[in-house]
Each structure stands twice: as structure tokens, then as C-alpha cells.
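Protein chains in written order, with the numbering used here: chain A, 301 to 543; chain B, 369 to 490.
Here is the structure we will look at, set down as C-alpha cells.
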Amino acid sequence: MEAAVAPRLDALWVYLAASPLLWLAVTLVAYQLAFHVYERCGRNPLANPVLLSITFLVALLSATGTSYQTYFDGAQFVHFLLGPATVALAVPLYAQLRRVRSMILPVVAGLVAGSLTAALTAVAIARVLGASLPTQLSLAPKSVTTPIAMGIAEHIGGIPSLTAVLVILTGIVGAISARTLFDAMKIRDPAIRGFAVGVASHGIGTARAFQVSEEAGAFAALAMGLNGALTPLFLPTLVRWLV
Amino acid sequence: MVSAITWLLVFQLAGEILARGLSLTVPGPVLGMILLFLTLALRGGPSEEFRTTSQGLLQHLSLLFVPAGTGILLHLHRVADEWVALLVSLVAGTLATLAVTAWTMKFVQSRTGDGGGRGPPA
């Protein structure tokens with residue numbers, strides 16, 4: 301009995317391993333499971349669903365000896381949606397237009413200062429601690445939302461897939477630390493707190509800000525969009541000057 | 369929904385063509401976002417259907433990062449070799465960015481009075 305089942309399972313695995321369906325389905329299932337865990341942990345930023353999904357998938361791919369290329373042949377259908385999702389960011393950006401008019405100067409000043417600080421500190425610290433050039437370049441766009449950061453990394457000679465992970469980790473660091481830091485700095489205005497979180501830690505910081513207040517979340521979403529639009533304009537030039 | 373997705377792809381395509389045609393440093397989807405933003409400003413906002421579809425797509429934004437993030441599989445050696453620099457850069461750089469952004473906004477606000485309850489300057 302068992303001897304008859306084993307070859308059939310082999311044939312099944314050969315079929316599944318060659319079809320994009322398996323890894324597409326596994327990606328979605330992994331994310332659903334991770335999101336469930338995140339909810340069960342009271343949406344604790346440490347149980348970030350993206351981080352959990354990636355950890356699970358890396359373990360699974362390693363255990364089954366599957367190459368990233370094979371995995372990506374299936375998962376690319378999800379990955380492709382990053383492009384239209386980036387375009388769609390224009391919609392929340394437009395919705396915040398009125399609110400931001402009342403504090404246009406602080407917003408512009410904070411955006412420019414924060415955007416430059418994010419890129420400069422990331423590259424400078426990594427360089428001082430002896431990181432290789434591709435690692436430094438992969439870190440440079442770490443505060444920008446993932447689809448845009450990956451585009452920048454590719455353009456300036458970084459490693460887009462490494463950048464994607466560094467961006468996610470940056471988001472988690474910002475989401476965990478913002479409240480304590482702002483309390484210590486005596487920054488109380490929810491607009492300022494939200495905007496700073498959005499500049500430093502993009503979508504993950506924005507999700508966190510929305511949990512604190514509607515106003516903080518709105519300014520975080522705005523900051524994420526503006527930083528995503530501004531950084532690709534100056535970073536390639538800045539990097540050419542730094543490297 | 370189909371019409372909204374069509375428009376999102378058309379704006380992305382326009383952005384890609386513009387970026388490549390003019391050899392710009394800005395990624396195509398970002399140009400698409402800027403073009404869409406300008407269009408919304410001219411039109412006076414998105415249609416209900418367009419807004420709902422965009423919201424749906426953005427609600428599941430974090431799922432879309434998973435395939436790319438799994439690419440860390442290709443860089444496990446690099447992370448193992450350079451983890452100290454990566455960790456310090458991530459933590460210290462992010463804290464510095466939070467602090468500089470918030471402090472700059474507070475400073476400018478106190479100098480100009482912007483956002484202190486007054487309306488926009490004409």
C-alpha cells in the first residue's frame with residue numbers, strides 16, 4: 301500500500317513544484333496565518349505579519365530545497381500588484397490635501413529634513429561600521445514605502461530584495477519606538493507625531509499611527525506619500541555625491 | 369472595479385513610458401502616482417468606484433511585500449556577515465529620522481504659527 305502511494309506523491313510533487321499555483325497559494329495562506337497571529341497578539345508591532353510570513357516562507361523554502369526563482373515564478377502575481385498599488389497611493393494623498401494646507405510650512409520643512417536624515421544616517425552609519433557598498437546602497441532608501449524603495453535600490457546599484465526586507469524592519473523599529481521617543485521629546489501634537497512616523501517608517505508606521513488617532517494616521521499617510529515622491533528625486537544624486 | 373484597475377494600470381504604463389523615454393531617475397509607478405494625483409486635483413477627486421478599489425488594494429498593501437521580502441533567502445550570507453552594521457543603521461537611523469522630523473516641524477511651527485489654529489495663509 302505505502303509503496304504504491306509514494307510514487308504517486310512523487311509525481312504529485314513534480315507537478316506542483318513546476319506550477320505557479322503552489323507557491324502563489326502558499327504565499328497567501330502564509331499571510332493569512334501570519335495576520336491571524338498578529339491579531340491574536342493584540343496587533344503588537346513585534347508580531348508584524350509581513351515579518352512572520354517571510355520567516356515562515358524562508359523556513360519552508362529551505363526545508364523543501366526550493367529555489368527562490370521557483371518560488372517567485374508563482375509569487376510574482378502578488379508582487380506585480382505593487383506597481384498599481386503605488387499608483388493608487390495618489391488617492392489617500394489627495395484626500396489629505398485640505399488638512400495639510402493649514403500647516404504647509406512645518407510639513408515641507410519636516411519632510412525635507414526627515415527625508416535627508418533618513419538617507420544620510422542609514423548610509424553613514426553602515427559605512428562607518430564597515431558595511432559593503434551594495435549593503436550601504438540597499439539601506440539608503442529604507443524609510444520609503446517598499447515598492448518605491450525597491451525601484452530606487454535597483455536604480456542606484458543596491459539589492460532590491462535586500463532593500464525590501466530592510467524597509468520592513470525599519471517600519472517595525474519606527475512603530476515600536478515612536479511613542480516613547482516623542483514622549484521623551486515632549487512632542488504632543490498628533491499631526492507632528494503622525495507625520496514624523498510616516499516619514500521615518502512609511503506604511504507600517506502609518507498603520508500604527510492610525511491605531512493611536514485618526515489625525516495622526518492621516519498625517520502619517522500623507523508623509524509616506526510625500527516621502528515616496530520626494531526621495532527618488534534626490535537620492536540618486538545624493539548617492540553619486542556620497543559614494 | 370475593472371475600470372478602476374484599468375486606469376491604475378494605464379497610469380502606471382504612462383509613468384513607465386515617461387520614466388524610460390526621458391531616462392528619469394524616478395521609478396515609473398511613482399510618476400504614475402504623481403500623474404494620477406494631478407488628474408484627481410483637476411477632476412476634483414476620484415469617483416466612488418475608483419476610491420473603493422484603491423482602498424481595497426491599499427488595505428492589503430503589506431501582503432504585496434511578502435514575495436520580495438522572501439528574497440532575503442538569497443542574502444542570508446550577507447546578513448550574517450554584516451548584521452551589526454545593518455542593525456545599528458536601522459535602529460539609530462530610524463530614531464534620528466523620527467527625532468529630526470518632529471523637532472524641525474515643531475521649530476518651524478513655533479516660528480511661523482502655522483497649524484496653530486489659524487487658517488491657511490490666503
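Quick reminder that beta carbons are idealized off the backbone N, C-alpha and C, glycines included.
Check whether residue i and residue j have beta carbons under 9 angstroms apart
i	j	result
residue 490(A)	residue 473(B)	no
residue 500(A)	residue 525(A)	no
residue 317(A)	residue 357(A)	no
residue 452(B)	residue 429(A)	yes
residue 435(A)	residue 469(A)	no
residue 416(A)	residue 495(A)	no
residue 466(B)	residue 482(A)	yes
residue 461(B)	residue 418(A)	yes
residue 388(A)	residue 444(B)	no
residue 529(A)	residue 396(A)	no
Cutoff 8 angstroms; reference residue i; Cβ partners in own chain excluding five residues on either side
i	result
residue 497(A)	474, 475, 478, 505, 506, 508, 509, 516, 520 and 523
residue 403(A)	491
residue 375(A)	323, 324 and 327
residue 490(B)	Note that residue 490(B) scores a pLDDT of 37, beneath 50, so its modelled location is shaky; the value from the coordinates is reported in the next line. The answer is none, since no qualifying residue turns up.
Assigned exposure category for residue i - 16 Cβ within 10 Å defines buried
i	result
residue 369(B)	exposed
residue 493(A)	buried
residue 486(B)	Residue confidence is low: residue 486(B) scores 42 on pLDDT, short of 50, so the model does not pin down where it sits. No coordinate-derived value is stated.
residue 416(B)	exposed
residue 382(A)	buried
residue 437(A)	buried
residue 367(A)	exposed
residue 502(A)	buried
residue 541(A)	exposed
residue 443(A)	buried
The ligand ATP heavy atom lying under 8 angstroms from the CB of residue i
i	result
residue 470(B)	Summarising the ligand content, the structure contains no ligands, and the ligand ATP is consequently not present.
6 angstroms CB neighbourhood of residue i in its chain, flanking five on each side removed
i	result
residue 386(B)	399
residue 449(A)	441, 463 and 467
residue 488(B)	Summary for residue 488(B): the model assigns pLDDT 41, below 50, so the residue's position carries little reliability; its value from the coordinates is reported in the next sentence. Answer for residue 488(B): no residue qualifies.
Close Cβ partners of residue i (< 7 angstroms) along its chain, the five nearest in sequence each way excluded
i	result
residue 552(A)	The requested residue 552(A) does not occur in the structure, where chain A is confined to residues 301 to 543.
residue 385(A)	447
residue 394(A)	none
residue 397(B)	380 and 383
residue 458(A)	434, 437, 438 and 440
CB contact check: residue i to chain E, cutoff 9 angstroms
i	result
residue 422(A)	Absence of chain E from the displayed structure is noted, the protein chains being A and B.
Problem - Residues, ordered as in the chain, of the region 371-385 of chain A that lie near chain B by beta-carbon distance below 8 angstroms - result: 371, 372, 375, 376, 378, 379, 381, 382, 383, 384 and 385
Exercise for the section: Anything in the region 505-529 of chain A with a Cβ closer than 7 angstroms to a Cβ of chain B? List those residues in chain order, please. Expected result: 528 and 529
Problem - Short-range partners of chain A found in the region 402-416 of chain B, where Cβ spacing is below 9 angstroms - result: 402, 403, 404, 405, 406, 407, 408, 409, 413 and 414
Exercise for the section: With 8 angstroms as the limit, tell me which residues of the region 323-338 of chain A have their beta carbon closer than that to any beta carbon of chain B; keep them in chain order. Expected result: 327, 328, 330 and 331
Problem - Positions along the region 428-453 of chain B whose CB lies within less than 9 angstroms of some CB in chain A - result: Answer in chain order: 428, 429, 430, 431, 432, 433, 434, 435, 436, 437, 438, 439, 440, 441, 442, 443, 444, 446, 447, 449, 450, 452 and 453.
Problem - the region 405-425 of chain A contacting the region 432-447 of chain B, beta-carbon criterion three pairs below 8 angstroms - result: no
Problem - Interface residues of the region 454-465 of chain B facing chain A [CB-CB below 8 angstroms] - result: 454, 456, 457, 458, 459, 460, 461, 462, 463, 464 and 465
Handout entry: Contacting positions in the region 442-459 of chain A - beta carbon closer than 9 angstroms to chain B
Key = 442, 443, 445, 446, 447, 448, 450, 451, 452, 454, 455, 456 and 459
Practice task
Would you list, in chain order, the members of the region 374-388 of chain B that have their beta-carbon closer than 8 angstroms to a beta-carbon of chain A?
Solution key: 376, 377, 379, 380 and 383
Practice task
Report the residues of the region 472-487 of chain A with a CB closer than 8 angstroms to any CB of chain B, ordered along the chain.
Solution key: 473, 474, 477, 478, 481, 482, 485 and 487
Handout entry: Interface positions of the region 302-321 of chain A facing chain B (Cβ-Cβ less than 7 angstroms), listed along the chain
Key = Cβ contacts with chain B come from no residue of the region 302-321 of chain A.
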